Every structure is written in structure tokens, then in C-alpha cells.
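Colleague:
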Amino acid sequence: MIGHLINTINFISLIGVLAVNVFFTETFLSNFVRSFVVDQKGLQLFTQYIPSAYYSKLIHNTLTYYIGNAKTVESVSRKYDVAFYPLPYTFHIWLVIYGGLFLFSFLSVINSNRAQSEKIGRVVGPWFLLSNVLNTCWILAFCYDNIFLAHLIFMSLWMNLFIIYSSAIRIRYGKHAHEYPLWVRLPFTVYLAWITMALLASCLVILQYDVIQPFSDVFSKQKDTLYIFQMDVLKHPILSFASMCGYVANLLNEEQWSATMVTIASVIALWFSKFKRDFIFVGVVLWTQFGIFLRHYSKAFVTLSGGIPSVVSNQNVSTTAAAGSVYNAYSLLVVTCLTNIVLMTFEFLFSVWDVLSPSATATIERIIEEEAEPKGSRLDIEFTGPSQKKKKSKVL
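For the sequence shown, the UniProt record's numbering assigns the number 1 to the initial residue and increments by one for each residue that follows.
#1: Would residue 99 and residue 108 be called neighbours here (beta carbons separated by less than 8 Å)?
#2: Grab the span of the alpha helix (DSSP H) containing residue 141 for me, first residue to last.
#3: Return the CA-CA distance between residue 77 and residue 202, expressed in angstroms with no decimal places.
#4: So, under 8 Å CB-CB, residue 329 and residue 250 are touching, yes? Tell me the CB distance rounded to an integer number of Å.
#5: Taking the alpha helix (DSSP H) that residue 357 falls in, what are its first and last residues?
#6: Per DSSP, what kind of secondary structure is residue 259 in: helix, strand or coil?
#7: To the nearest angstrom, report how far apart residue 221 and residue 278 are at their CA atoms.
#8: Please name the residue in 333, 272, 147 whose C-alpha comes closest to that of residue 290.
#9: Taking the alpha-carbon of residue 153 as reference, which of 197, 30, 115, 137 has the nearest alpha-carbon?
#10: Quick one: using the 10 Å Cβ neighbour count with 16 as the cut-off for buried, is residue 287 buried or exposed?
#11: Check whether the Cβ atoms of residue 111 and residue 105 lie closer than 8 Å to each other.
#12: If you draw a straight line from the C-alpha of residue 350 to the C-alpha of residue 255, how long is it?
#13: Buried or exposed for residue 113, going by 16 or more other Cβ atoms inside 10 Å?
#14: For residue 12, collect the residues of the same chain with a Cβ closer than 6 Å to its Cβ; drop the 5 residues on either side in sequence, then sort them by chain order.
#15: Which of helix, strand or coil does DSSP assign to residue 84?
#16: Can you give me the C-alpha to C-alpha distance between residue 325 and residue 336, rounded to a whole angstrom?
#17: Is it the case that the Cβ atoms of residue 282 and residue 348 are separated by a distance below 8 Å?
#18: Using 8 Å for Cβ pairs, my map puts residue 84 next to residue 200. What's the rounded Cβ distance?
#19: Using the Cα positions of residue 82 and residue 115, report the straight-line distance between them to the nearest angstrom.
#20: Per DSSP, what kind of secondary structure is residue 306 in: helix, strand or coil?
#21: If you run the structure through DSSP and keep just helix, strand and coil, what is residue 25?
#22: In chain order, what residues of the same chain lie with their CB nearer than 7 Å to the CB of residue 194, ignoring the 5 residues before and after it?
#23: Would you give the residue range spanned by the alpha helix (DSSP H) that residue 206 belongs to?
#24: Count the other C-beta atoms from every protein chain shown that fall within 10 angstroms of the C-beta of residue 16, then say buried if there are 16 or more, exposed otherwise.
#25: Select from 126, 71, 80 the residue whose C-alpha is nearest the C-alpha of residue 5.
#26: Between the Cα of residue 132 and those of 191, 186, 119, 86, spot the shortest distance and give me the residue it belongs to.
#27: Check residue 122 in the structure and name its three-state DSSP category.
#28: Please determine, among 73, 151, 208, 149, the residue with the shortest C-alpha to C-alpha distance to residue 29.
#29: Once you ignore the five residues that flank residue 343 on each side, which residues in its own chain have a CB closer than 7 Å to its CB?
#30: Do residue 160 and residue 130 have their C-beta atoms closer together than 8 Å?
#31: If you measure between the beta carbons of residue 20 and residue 139, is that distance less than 8 Å?
#32: Under DSSP, the alpha helix (DSSP H) around residue 104 begins and ends at which residues?
#33: Could you give the DSSP three-state label for residue 251: helix, strand or coil?
#34: Tell me the DSSP secondary structure of residue 114 in three-state form.
#35: With residue 180 and residue 169 assumed to form a contact (beta carbons below 8 Å), what rounded beta-carbon distance in angstroms separates them?
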């Protein structure tokens, strides 16, 4: 009974998350701001039923401030753009994620198997409810330009999803029977994989932009004199962290850091493929890397000869003429993406073959054993015992 109640609460909370996502879209937010802030029609309709003039004015000013200063996820992402961001079409995977989570929540409520529904509610339900709360908090922090706070919430969301993945559901794909059906495992696999890639992008934003300033009043005065090796970490933990981020960020440029993040993503995907046999996680990483590659491949090599005129207008792209082409800062990122795409493609295909065709691995192992067997002629000797017929093989 408690598990079914938790499933119902989770379904309602997911509807709330979807509503918040819709609110911070470009079309909806612009119309809402015009109605509440510019034309004041929505505010007047909302505050006319409040009897107290003081509270009416307070609510009026609060809504005007927060609605007027709200931004969309797309606009904030453009403001803190990094090379690790893929093409916009890649973000359509959120439709798959929210569609899978909606299906999971809905089936958990109407599931005819009451024992299974109760178990899902008790084991997975609390963590899923926490993930919905963290997701909503992240959207609010991100859309109000509190990037560092959003990063901390994002880290908490990733840890929460990893607990669901590894401990609550204990996801593993393959021929072995699993205690949870596919509609429970699949949404959280895609969700965790995408949040992993988004967390790497968030780490790069922390390294590239000055987003820790709202967490310290004295940051703007002292940031030019901070030295990581001379800072008292206990007295100034946030300033020390800011200094460390600045020190680490200066080790590589943005494109080199992005190439590093692409490689880290591949290593993480290989771990999930090796120990969880999770080809879906590998597929999501491959999807993101392909989006990054398509975004930057045209910037990597600008042809100077060969009949294809090209113009480099981005001042951040430093080019050097060599052998009829221009090598710039994006070349390392593009080559790294292409290398990892090839690697992840082979890993994805092998993982799919391994999971969907369990006998394939056994066939390969049998072939290897036969190849390693000593050469010789085989003599088969048959003999009949008192109760059964046996066959013995001997290598001469």
C-alpha cells in the first residue's frame, strides 16, 4: 500500500517536472512575461482576490521580479557556451528520457502485478522522487543564472541516478533474468547516460567561466590575488576552490579540455559496457559525441586550395597554413571525437551482439579453444558397457 502511494506521488511529481520544463521554454516564457510583467493583466487577475493590500503588493513585486528575470534553458546555455556542447538536435533525447520516465511512472501506478508495483514503490520510488525534486531545483537555479549552484545540484542528481542504477534496480543487461522489467530499467539507463554527459559539460563550464562569484561577497575583490598554494582552505573554502578551478583551467584551452571530456566519456561508457553489459549507455555517449563532431568538423580544416572557398570569421580560431589546409584549435577536438566515435561504434555493436545473442560469446570461446588444441589425428573408440554406450576420444 505504501509503495503504491509512493508511485502515485512520483507520477504527480513527474508531471510537475514536465510543467516546469514547459514553463522555461522560449515560447511559453515570453508569453507569460508579456502577460504578467509587461501588460500586467495576469498579475491584476491574480492579485485582485487578495484582500490585504500589503500582501497583494508583496506578491505583485515578487512575481514581477522573478518572472521578469527568468531565462530559458536555451538562452543560458548560449551564454555559457563551451565546445563540448553538441548540436541542438542532440538535446531531443530529452523527449526519449521524459517519455520513458512517464511510461515508468504510469505503469508503476496501473501495474496489475501488485507485488511488483509495491516493490518498485518501496525500493525505487523514494530515489525517483528525489531525482524529480533535484531536476526541478536544477532548472530553477540554471534559469536564474546561478550556475555554480546548478552544478552542485547536478552532481547530486547524478549521484542519485547512479544509486538508482546500481543499488536500487541493479541494472544489468544480458541473458540472465532480471527482477525488474525493461520498462523500469531502460528509462534510468538513458537518463543516467545523458546526465553523465551533461555533468561533464557542466564541469567544463565551471572551468571556463567565472561562475563562483555569487557564492562569495569578496570574490570580485580578491580573485586577482588568489594563489592556490597560499590559500587557507579552512578559512576560505570557496575562494580556494575558485583558485583551484582557475589554476586547472589554465592548463589547457577550451578545445583541449573538450577533447579530454570526450575521452573521459568514452572511458566511462567502456566501464558500463564491461561490467554492466550496457550497450544503451554506450549508444547515448555515441549519440552525444556524434553531435559534438558534427558541430565542429567544419571548423577544423579550412581548405585554402582545391576550389572550395572558405572564410574563418571566428576570432577564437587560430589557423596555421600547412599543406593546403588550415589546422586550428578545433582540429584536436574533431580528431578526438572521430576516434572515439569509431571506438564507441565497435563497442556498441559488440555489446548489442553480446547481449542480444548470448550464444555468440560461447561460439567465439569454442572456436578459440579448438584453435588452441594440439594438432593430431583423432581416433574415436566406442565401447559398450553393461548399461550404457559411451564414446571416448583420444588424440594420437
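A virtual CB, placed ideally from N, CA and C, is assigned to each residue, including glycine. Computed from a predicted structure; not experimentally measured.
Modeller: Taking the structure as given:
#1: The Cβ atoms of residue 99 and residue 108 lie no closer than 8 Å to each other.
#2: For residue 141, the enclosing alpha helix (DSSP H) has its first and last residue at 125–143.
#3: Rounded to the nearest angstrom, the two C-alpha atoms are 10 Å apart.
#4: Their Cβ separation, rounded to whole angstroms, is 15 Å, which puts residue 329 and residue 250 out of contact at 8 Å.
#5: In this chain, residue 357 is not harboured by any alpha helix (DSSP H), its DSSP state being neither H nor E.
#6: In the structure shown, residue 259 sits in a helix (DSSP, three-state: H, G or I).
#7: Any answer about residue 221 is weak, because its pLDDT of 45 lies below 50 and its placement is not dependable; what the coordinates show is given next. A direct Cα-Cα distance of roughly 48 Å separates residue 221 from residue 278.
#8: Ranked by Cα distance from residue 290, the first of 333, 272, 147 is 333.
#9: Among 197, 30, 115, 137, the Cα nearest to that of residue 153 is on 137.
#10: A residue is called buried once 16 or more other Cβ atoms fall within 10 Å of its Cβ, and residue 287 is buried on that count.
#11: Remark: C-beta atoms of residue 111 and residue 105 do not approach each other more closely than 8 Å.
#12: If I take the Cα positions, the gap works out to 30 Å.
#13: So residue 113 counts as exposed.
#14: Nothing meets the Cβ criterion.
#15: If DSSP states are grouped into helix, strand and coil, residue 84 belongs with coil.
#16: Because residue 325 sits at a pLDDT of 41, beneath the cut-off of 50, its placement in the model cannot be relied upon, and the point is left open.
#17: Closer than 8 Å, so yes.
#18: In this structure, residue 84 and residue 200 form a Cβ contact; the two beta carbons are roughly 7 Å apart against a cut-off of 8 Å.
#19: Each residue's Cα considered, the two are about 47 Å apart.
#20: Bear in mind that the predicted position of residue 306 carries a pLDDT of just 42, short of 50, making it unreliable; the figure below should be weighed with that in mind. DSSP, reduced to helix, strand and coil, places residue 306 outside both helices and strands of the structure shown, so it counts as coil.
#21: Looking at residue 25 - three-state DSSP - the assignment turns out to be coil, as it is neither helix nor strand.
#22: Result list for residue 194: 93, 97, 284, in chain order.
#23: Its alpha helix (DSSP H) spans residues 182–208.
#24: With fewer than 16 other Cβ atoms inside 10 Å of its own Cβ, residue 16 counts as exposed.
#25: Checking every option, the nearest Cα to that of residue 5 belongs to 126.
#26: With distances taken between CA atoms, residue 132 lies nearest to 191 out of 191, 186, 119, 86.
#27: Helix, per DSSP.
#28: Nearest C-alpha to residue 29 among 73, 151, 208, 149: 73.
#29: Here the set comprises 266.
#30: Against a cut-off of 8 Å, the Cβ pair of residue 130 and residue 160 comes out as a contact.
#31: The Cβ atoms of residue 20 and residue 139 lie closer than 8 Å to each other.
#32: Start and end: 93–110.
#33: Of the three classes helix, strand and coil, the one that applies to residue 251 here is coil, per DSSP.
#34: Annotated three-state conformation of residue 114 is helix, per DSSP.
#35: That pair is a contact at about 5 Å.
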